[in-house]
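Asker: Below is one structure. I have some questions about it.
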Amino acid sequence: MTQWVLHVDMDQFLVAVELLRRPELVGLPVVVGGRGDPTERAVVSTASYEAREHGVRSGLALRLAKRRCPDAVFLPVDRPVYEEASARVMETLRSHPGAVVEVLGWDEAFVGVETDDPLATAREVQAAVLAATSLHCSVGIGDTLVRAKIATEFGKPRGTFQLTRDNWMEVMGERPTTALWGVGAKIAARLEAIGIRTVADLAAADEDALVAAFGPSSGAHLGRLGRGGGRSRPDDTPWVARAHGRETTFQADLTTADDVRAALAELAERVVDDVRAEDRPVQRVHLKARFAPFFTFTKVRKLAEPTYDVEVIARTAYELFVALDDDRPVRLLGVRGEMVPPPGGY
DNA sequence: TCTGGGGTCCTAGGACCC
DNA sequence: TCTGGGGTCCTAGGACCC
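The numbering of the first sequence is this note's numbering, which starts it at 121 and goes up by one.
Here it is as structure tokens:
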């Protein structure tokens with residue numbers, strides 16, 4: 121028996137969950153995002169495959185989604201329903217004999233299994249998830265987490281794909297570095313500046329050069345990533361949150377200090393609700409502010425004493441806001457509370 | 001054309017200490 | 001007059017992911 125990693129990724133998850141309770145929308149372009157009103161400031165969380173054909177993607181402003189696909193049905197984000205569906209998916213994965221499940225988000229997880237027929241196991245997992253939830257997923261099969269994760273893209277929708285040491289270079293070698301998990305536009309540009317454009321270039325790159333350009337941790341990580349390497353066993357230790365935050369985009373920009381203070385107080389209150397539930401007080405306060413149209417700043421301050429006190433957190437956030445010394449209208453505010461680590465650390 | 005809301009991790013560099 | 005070498009703690013800021 122061999123150790124394999126499966127990466128299970130739900131297909132158009134938010135839309136799929138909505139279609140279960142609105143079957144009449146199956147086959148139509150459906151967009152889930154914000155409060156479901158395309159005239160508001162909000163973005164697409166998930167678009168159905170039919171909507172994607174019109175160029176609607178996650179992260180696109182709802183207003184633009186409406187323009188690109190005027191016939192789309194817009195639905196509001198309904199977190200509790202997705203959390204519930206997600207929990208059933210994860211429970212199904214954990215019920216597979218011998219499975220070690222590492223959750224990555226609402227709609228995806230790594231599953232470590234021992235099997236001589238990983239494709240058959242992947243099919244079993246897909247069938248079990250479908251039976252338990254009526255939802256379809258794609259499964260990437262790999263000999264490392266990175267390979268399994270990237271394989272999934274080639275299996276979508278409802279399919280599987282296998283990526284291992286043997287076919288990694290053949291499949292990935294000529295692709296740009298942005299095809300890798302964790303390499304975005306900025307990192308890709310910095311790599312290109314030192315002559316690395318493709319995955320094959322990165323795999324062959326000199327480790328010292330990568331470390332010189334990206335530091336000891338990131339440099340070594342990038343080299344491994346190019347070769348598809350890294351961890352090969354999922355880790356199922358329960359997740360312990362480092363921080364909780366809340367942020368809001370205002371439909372009408374804020375212009376007065378009182379409005380800002382009131383908004384920060386409300387956000388701080390919601391943050392404290394979350395950190396109380398963790399039973400670990402806030403030790404550092406992060407303030408995020410976006411001024412119209414797109415300048416975003418974050419500031420951090422460590423508190424003298426860890427606290428659950430909403431007043432202290434809200435006042436600290438406001439002090440950080442004032443320190444920005446920017447009098448443009450405010451489009452977004454966020455407060456994040458970084459908690460004291462649990463006994464024994466993370 | 002307009003950019004959510006929830007997160008994590010890393011690096012650089014200053015302040016300070018021995 | 002010039003200035004080691006190791007370490008910790010802190011903030012700022014960048015980048016990425018779902």
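Don't be surprised by glycine CBs; every beta carbon is placed ideally from N, CA and C. Since we're looking at a predicted model, the values are computed, not measured.
Along the chain, where does the alpha helix (DSSP H) containing residue 204 start, and where does it finish?
Answerer: Element bounds for residue 204: 199-214.
Asker: Please report how far the alpha carbon of residue 339 lies from the alpha carbon of residue 382, in whole angstroms.
Answerer: C-alpha separation (whole angstroms): 44 angstroms.
Asker: Three Cβ pairs or more, each shorter than 8 angstroms: is that satisfied between the region 299-312 and the region 257-271?
Answerer: Touching, per the Cβ criterion.
Asker: So, does the region 362-369 touch the region 384-400, judging by three or more C-beta pairs under 8 angstroms?
Answerer: A contact exists between the region 362-369 and the region 384-400.
Asker: Is it true that the CB of residue 320 sits closer than 8 angstroms to the CB of residue 279?
Answerer: Contact flag unset, no.
Asker: Using 10 angstroms around the beta-carbon of residue 230, count the other beta-carbons present and answer buried if the total reaches 16, otherwise exposed.
Answerer: Per the 10 Å Cβ criterion, buried.
Asker: For a test of the three-state rule: what should DSSP assign to residue 137, helix, strand or coil?
Answerer: Residue 137 falls in the helix class under three-state DSSP.
Asker: If we call anything under 8 angstroms between Cβ atoms a contact, is residue 428 one with residue 395?
Answerer: Yes, the pair counts as a contact, with Cβ atoms nearer than the cut-off.
Asker: Quick one, which of 125, 372 and 411 has its alpha-carbon nearest residue 239's?
Answerer: The shortest Cα separation from residue 239 among 125, 372 and 411 belongs to 125.
Asker: State yes or no: is the C-beta of residue 322 nearer than 7 angstroms to some heavy atom of the ligand HEM?
Answerer: The ligand HEM is not part of the structure shown, which contains no ligands of any sort.
Asker: Where are the beta strand (DSSP E) runs, 3 residues long or more, that stay fully inside the region 161-203, in chain order?
Answerer: 193-195, all fully within the region 161-203.
Asker: With distances taken between CB atoms, is the gap from residue 504 to residue 201 smaller than 8 angstroms?
Answerer: Because the chain in this structure spans residues 121 to 466, residue 504 falls outside the shown range and cannot be described.
Asker: Out of 227, 193, 191 and 218, point me to the one whose CA is closest to residue 204's CA.
Answerer: Measuring from the Cα of residue 204, the nearest candidate turns out to be 227.
Asker: Mind listing, in chain order, the continuous beta strand (DSSP E) runs of no fewer than 3 residues lying wholly within the region 207-280?
Answerer: The qualifying runs are 220-225, 228-235 and 257-262.
Asker: Classify residue 143: buried if its beta carbon has 16 or more other beta carbons within 10 angstroms, exposed otherwise.
Answerer: Under this definition residue 143 is an exposed residue.
Asker: In chain order, what are the residue ranges of uninterrupted beta strand (DSSP E) at least 3 long that sit wholly in the region 366-406?
Answerer: DSSP runs (the beta strand (DSSP E)) wholly in the region 366-406: none.
Asker: Short of 7 angstroms in beta carbon distance, which residues of its chain neighbour residue 177, apart from the five on each side in sequence? Order them along the chain.
Answerer: Same-chain partners within the cutoff: 164 and 167.
Asker: With a threshold of 8 angstroms, are at least 3 pairs of Cβ atoms found where one atom belongs to the region 247-265 and the other to the region 283-292?
Answerer: With a cut-off of 8 angstroms, the region 283-292 and the region 247-265 count as touching, because enough Cβ pairs lie within range.
Asker: Looking only at DSSP bridge pairs, what is residue 130 linked to?
Answerer: Note: residue 130 sits in a beta bridge opposite 257.
Asker: DSSP puts residue 296 in a beta bridge; with which residues?
Answerer: The partner list for residue 296 (beta bridge, DSSP) reads 318.
Asker: Is residue 140 buried or exposed, if buried means 16 or more other CB atoms sit within 10 Å of its CB?
Answerer: Residue 140 comes out exposed.
Asker: Rounded to whole angstroms, what is the Cα-Cα separation between residue 349 and residue 435?
Answerer: About 46 angstroms.
Asker: Answer with buried or exposed for residue 312, where buried requires no fewer than 16 other C-beta atoms within 10 angstroms of its C-beta.
Answerer: Classification for residue 312: exposed.
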